[in-house]
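Just remember that the working numbering sits 10 ahead of the position in the sequence shown, which is counted from 1. Report on one structure; see the data block that follows.
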Amino acid sequence: MIRSMTGYGQAEGTVGALRVVVDVRTVNHRFFSPSIKLPSAFGRWETEVREAMRLKVSRGHVTLTARAERLADAPVAIDQERFAAAAAQLKALVYANGLSGGVDLASVLRMPDVMTAPREEDLSGTVTELVAIVEGALDALQRARAEEGERLALVLRQRLEAVSGALSRIAARAPERLVAHRDRLRESVRELAGGVAVDEGRLAQEIAILADRMDVAEELDRFQSHIVAFRSALDESGGDPVGKRLGFLLQEMLREANTTGSKAADAPILHEVVGLKEELERIREQVENLE
11 MIRSMTGYGQ AEGTVGALRV VVDVRTVNHR FFSPSIKLPS AFGRWETEVR EAMRLKVSRG
71 HVTLTARAER LADAPVAIDQ ERFAAAAAQL KALVYANGLS GGVDLASVLR MPDVMTAPRE
131 EDLSGTVTEL VAIVEGALDA LQRARAEEGE RLALVLRQRL EAVSGALSRI AARAPERLVA
191 HRDRLRESVR ELAGGVAVDE GRLAQEIAIL ADRMDVAEEL DRFQSHIVAF RSALDESGGD
251 PVGKRLGFLL QEMLREANTT GSKAADAPIL HEVVGLKEEL ERIREQVENL E
């Protein structure tokens, strides 16, 4: 399946008494490279979060950030012992200083440590709740990566058409080039012989050797087979990533292009090979962004 290594996903939910938002971003990387930033309350669950990421993403640098905030209805506790002590202390101060008025509830509640909100660790819920949100963000990420992957696949198919066109022109030119070289060789031999009889059998043998050295039919056949395999990988609908396979096929295509160029000895074919290698480089740039 074609997926880009660049994407973004977000999901939110509740973990215990906390509202949690998870953001996931990915960029291209040769291997799976995770970066996880969790609130301190969730630090002990980093291993489970990392495993959920590994199961969803096989390649790319993945940055996951989780933010947590308490829900509006999160419980608040009142320490009754501290409340009683604070009220008694305030009453004593009022009496000792001859102040008018009594001690009201609001004054006591404003005293330090009388009202205590629970710690995040006490509100953090379970690892299952957190992983469910993480998986939701990863699913959104995968949908975005798949959409971008389809766009990249369309570009790659267009580039492959250009490569196939260059190969067709090289295949059409190759026999003409051999005939031209054969005729030049015959003319050169006659000029060098200066009217002396030439062994036509030996000349034919040398021409055959030259033709064999310059023959690029095998290279073109292998190149075409790599293109067929490349297109087949682009059309796959399974869940396995194909980025590495496409990279290997490109290496093989470039090897065949270099061999064809080295055997060409022909300006039109060399021109086509240069253009072909330029297209392969453009394809490589896109394939590096595929999972």
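Yeah, the Cβ is synthetic: ideal placement off N, Cα and C, and Gly gets one too.
- DSSP places PRO278 in the uninterrupted alpha helix (DSSP H) bounded by 277 to 297.
- Taking the C-beta atoms as reference points, THR36 is found nearer than 8 Å to GLY17.
- If you ignore the 5 residues before and after GLU298, its C-beta comes within less than 7 Å of the C-beta of ASN38, all in its own chain and listed in chain order.
- Look at SER110 here: in three-state DSSP terms it is coil, with no helix or strand label.
- With a beta-carbon spacing of about 34 Å, GLU301 and GLY26 fall beyond the 8 Å limit used to define contacts.
- Counting C-beta pairs with one atom in each stretch, the region 117 to 126 and the region 145 to 152 have fewer than three that are closer than 8 Å, which means they do not touch.
- Boundaries for HIS236: no beta strand (DSSP E) harbours it, while the alpha helix (DSSP H) harbouring it runs 227 to 245, taken from the DSSP string.
- Sequence-distant Cβ neighbours of GLU262 in its own chain, meaning closer than 7 Å and more than five residues away, are HIS236.
- DSSP, read as helix, strand or coil, puts SER117 in helix.
- A direct Cα-Cα distance of roughly 49 Å separates ALA62 from ILE180.
- DSSP links PRO122 through a beta bridge to no other residue.
- Collapsing the DSSP output to three states places LEU28 in a strand.
- Separation of the CB atoms of VAL31 and GLU22 is rounded to 4 Å, and the pair is thereby assigned contact status at 8 Å.
- Taking LYS47 as the centre and dropping the five residues before and after it, the same chain places the C-beta of THR73, LEU74, THR75, ALA76 closer than 8 Å to its C-beta, in chain order.
- One thing to note: SER272 has its Cβ no nearer than 8 Å to the Cβ of LEU162.
- Contact annotation: ALA154 and GLU282 have beta-carbon atoms that are not nearer than 8 Å.
- The Cβ atoms of ALA78 and PRO49 lie closer than 8 Å to each other.
- Judged by DSSP secondary structure, GLY53 falls outside any alpha helix (DSSP H); it is assigned neither H nor E.
- Scanning PRO122, ARG64, ALA274 for the CA closest to the CA of ALA95 turns up PRO122.
- Taking the Cα positions, PHE41 is about 11 Å away from GLY253.
- When DSSP states are grouped into helix, strand and coil, LEU151 belongs to the helix group.
- When secondary structure is reduced to three states using DSSP, ILE12 falls in the coil class, being assigned neither helix nor strand.
- Annotated as distal: LEU260 and LEU286, with beta-carbon spacing of 8 Å or more.
- Annotation for ARG80: the continuous beta strand (DSSP E) segment containing it runs 70 to 80.
- Listed as beta-bridge partners of ARG35 by DSSP are TYR18, THR73.
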